[in-house]
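The structure under discussion appears below in the form of structure tokens.
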Amino acid sequence: MHRETIAALATPPGLGGVAVIRISGPDTYAIADALTALRRKPSERDAGTFVHAELKDGAGETLDDALMLFFRAPRSYTGEDVVELHVHGGAVVPCRVLERLWALGARPAEPGEFTKRAFLNGRLDLTQAEAVADLIAARSPRAARSARAALRGDLGRRLGALYADVLKLAAQTEHLLDFDEGELPPSFHDDTHAALAAMAERADRLLATWHEGRLLREGARVVLAGPPNAGKSTLFNLLLGTDRAIVNEQAGTTRDFLEETFLLDGVPVRLTDTAGLRDTADAIERDGVARARDLAGRADVTLCLVPDGDPLPDRLPEGAVRVLTKGDLTHNPDAISVHADPKGAREKICNLLRTALKLTEGASDGVMLANARQYAGLSEAVGALRAADTAFARGDIGYVPAAGHLREAAEALGKLLGRTYADDLLDGIFSRFCVGK
Ligand SMILES: Nc1nc2c(ncn2[C@@H]2O[C@H](COP(=O)(O)OP(=O)(O)OP(=O)(O)O)[C@@H](O)[C@H]2O)c(=O)[nH]1
Ligand SMILES: [Mg+2]
-16 MHRETIAALA TPPGLGGVAV IRISGPDTYA IADALTALRR KPSERDAGTF
34 VHAELKDGAG ETLDDALMLF FRAPRSYTGE DVVELHVHGG AVVPCRVLER
84 LWALGARPAE PGEFTKRAFL NGRLDLTQAE AVADLIAARS PRAARSARAA
134 LRGDLGRRLG ALYADVLKLA AQTEHLLDFD EGELPPSFHD DTHAALAAMA
184 ERADRLLATW HEGRLLREGA RVVLAGPPNA GKSTLFNLLL GTDRAIVNEQ
234 AGTTRDFLEE TFLLDGVPVR LTDTAGLRDT ADAIERDGVA RARDLAGRAD
284 VTLCLVPDGD PLPDRLPEGA VRVLTKGDLT HNPDAISVHA DPKGAREKIC
334 NLLRTALKLT EGASDGVMLA NARQYAGLSE AVGALRAADT AFARGDIGYV
384 PAAGHLREAA EALGKLLGRT YADDLLDGIF SRFCVGK
């Protein structure tokens, strides 16, 4: 349990009807008592209730009238005593109330400190704590749904069950070291091999969800490239639904690249329009072409647009998907035509992106890995499980290394769930939160 009492604004600063201030820690009720002149003090009130009260400064002047909500350890977000103040929003009132809280002995919460305390007090596992930040940062309903699943504990439960099974097998293996192979039941090797294969397969299924998890959280980078005048900026505008880029019949219209985001099946797609690829004497345009090539090299998908009937550029960006444009001029149904059939062109490009990005809605059941840390930890665990399987296959001389590999697998999963952790790991995770969460 923490000895310090923390407080912070839990709502974004700025103009708003209501601002929520959260207080958590052992002195929460002493501070709440001193903050009001209520006859029945906050410390005498039941958890799960609220009261309308005037908040007073040190001289007894009213700062604001507020709703006070009461939570008591361990049944609160942080697992500590918590009081929430709903005060008027804006620039002044929340600041004055916070200053009063500092004067009464609370200190400003660090980013993510409420959630960190919730984790340290066992209210959330580490995957749930990370899901809180993911839910707040979600950029589409689909990303929010996936974060909700992790926050509910679905991901943590699946990893936790795997962790428990690995621990059990690890313990059995340590026990084995005291026996000779001849003393073991005859089915021992087949059973352990089957158990390890099943565990590795469960882990592999979760690892496969990282593709979708990464796209939902980090988005996909898609670059429009190709020769000048191919209709890149026209398609860029069509996909965004606004006239963002200048379109002109002159070749070399776009020089600096433009970037905007649109949602495709709930995945944020960062779309980049680039300068037409050609050799040119114009220094600025040449710089633009160099940037276009560089961006294409780093994208998840590069669409190389070429007017139907024109020769292909001699140096296509590697891995680029070719798209024929201006199909209305050649009557080629394989080419898109933004001019004659914008809806069809949009649908064709979106389908192309769905395939290239492997965006199949509902591929996972909503439970997916949420970050590179989880992916790395689980990969390490799978590697260790496979190594244990190989060691077991060597018979009793393999038991000692197998026990070691199972310990590694358990440690990797334990770290992933936050059952074992280092302070710098927690600092890395919670410092990415906003203050007040
Ligand atoms: N006929 C026809 N013309 C098109 C189509 N799409 C774009 N254009 C025209 O082609 C010309 C070039 O379009 P842009 O979108 O500026 O081409 P760009 O590839 O961005 O060109 P740069 O920026 O110079 O590299 C404009 O006059 C567009 O109106 C189409 O589907 N059919
Ligand atoms: Mg352009």
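For the sequence shown, this note's numbering assigns the number -16 to the initial residue and increments by one for each residue that follows.
We put the beta carbon where it would ideally sit given N, CA and C, even for glycine.
So is the beta-carbon of Ala303 under 8 Å away from any non-hydrogen atom of ligand 1?
Checking every heavy atom of ligand 1 against the Cβ of Ala303, none is found closer than 8 Å.
Integer-rounded CB distance, given that Ala153 should sit under 8 Å from Leu368
About 11 Å separates the beta carbon of Leu368 from that of Ala153, a gap too long to meet the 8 Å contact definition.
With H, G and I counted as helix, E and B as strand and the rest as coil, what does DSSP make of His421?
Residue 421 is absent from the structure shown; the chain starts at -16 and stops at 420.
Once you ignore the five residues that flank Arg79 on each side, which residues in its own chain have a CB closer than 6 Å to its CB?
If you ignore the 5 residues before and after Arg79, its C-beta comes within less than 6 Å of the C-beta of Leu46, all in its own chain and listed in chain order.
Please list, in chain order, all residues of the same chain as Leu38 whose beta carbon is under 8 Å from its beta carbon, the five residues on each side excluded.
In its chain, beyond the 5 residues on either side, Leu18, Thr19, Thr45, Leu46, Asp47, Asp48, Ala49, Leu68, Val70, Val80 and Arg83 have a beta carbon closer than 8 Å to the beta carbon of Leu38.
Distance between His322 and Pro316 (C-alpha atoms, nearest Å):
Going by C-alpha positions, Pro316 is about 14 Å away from His322.
Residues near Asn426 in its chain [Cβ-Cβ closer than 8 Å; skip 5 each side]:
This structure cannot settle anything about residue 426, because the visible part of the chain is limited to -16 through 420.
Excluding the 5 residues preceding and the 5 following Arg298 in the sequence, name in chain order all residues of the same chain whose CB lies nearer than 7 Å to its CB.
Same-chain partners within the cutoff: there are none.
Residues near Arg329 in its chain [Cβ-Cβ closer than 7 Å; skip 5 each side]
Taken in chain order, the residues that qualify are Leu221 and Leu222.
Is Thr255 helix, strand or coil when you go by DSSP?
Reduced to three states, the DSSP call for Thr255 is strand.
Could you tell me the distance, in whole angstroms, from the CA atom of Gly235 to the CA atom of Thr308?
The C-alpha of Gly235 lies about 17 Å from the C-alpha of Thr308.
Return yes when the C-beta of Glu232 is under 8 Å from any heavy atom of ligand 1, and no when it is not.
True, at least one ligand heavy atom lies under 8 Å from that Cβ.
Between Ala(-7), Leu142, Leu167 and Ala353, which lies nearest to Gly196 when the distance is taken from Cα to Cα?
If we check each option's Cα against that of Gly196, Ala353 comes out closest.
Helix, strand or coil for Leu218 per DSSP?
DSSP places Leu218 within a helical segment (H, G or I) once states are collapsed to three.
Let me make sure I understand the geometry here. Which of Asp348, Arg337 and Gly0 has the alpha-carbon closest to that of Gly202?
For the residues Asp348, Arg337 and Gly0, the minimum Cα distance to Gly202 belongs to Arg337.
Using 10 angstroms around the beta-carbon of Asn334, count the other beta-carbons present and answer buried if the total reaches 16, otherwise exposed.
Asn334 comes out exposed.
C-alpha gap between His194 and Arg141, whole angstroms
Computed Cα separation, rounded: 18 Å.
Which one or two residues does DSSP pair with Pro91 in a beta bridge?
Ala(-10).
Heavy atom of ligand 2 within 8 Å of Thr285 beta-carbon
No; taking the cut-off as 8 Å, the Cβ of Thr285 has no heavy atom of ligand 2 nearer than that.
Where does the unbroken alpha helix (DSSP H) through Pro384 begin, and where does it stop?
Per DSSP, Pro384 is one residue of the alpha helix (DSSP H) stretching across Tyr382 to Leu400.
The beta strand (DSSP E) enclosing Ala2, as first and last residue numbers:
That run of the beta strand (DSSP E) goes Val1 to Ser7.
Give me, in chain order, the residues of the same chain whose beta-carbon lies closer than 8 Å to that of Ser123; leave out the 5 immediate sequence neighbours on both sides.
If we look at Ser123 and ignore the five residues flanking it on each side, its Cβ neighbours are Leu199, Leu246, Gly249, Val250 and Pro251.
Measure from the alpha carbon of Cys417 to the alpha carbon of each residue in Val289, Ile(-11), Lys215 and Pro(-5), then state which is nearest.
The shortest Cα separation from Cys417 among Val289, Ile(-11), Lys215 and Pro(-5) belongs to Pro(-5).
What span of residues does the beta strand (DSSP E) with Phe245 cover, start to end?
From DSSP, the beta strand (DSSP E) with Phe245 extends over Leu241 to Leu247.
6 Å CB neighbourhood of Arg204 in its chain, flanking five on each side removed:
Hits under 6 Å: Arg253, Ala282 and Asp283.
Secondary structure at Cys78, three-state DSSP: helix, strand or coil?
Helix at Cys78.
Could you check what DSSP says for Cys333 in three-state terms: helix, strand or coil?
DSSP places Cys333 in helix when its eight states are reduced to three.
Give me the DSSP bridge partner(s) of Glu67.
BP columns for Glu67 point to Arg5 and Leu52.
Taking the C-alpha atoms as reference points, what is the distance between Arg55 and Ala183?
So the two alpha carbons sit approximately 42 Å from each other.
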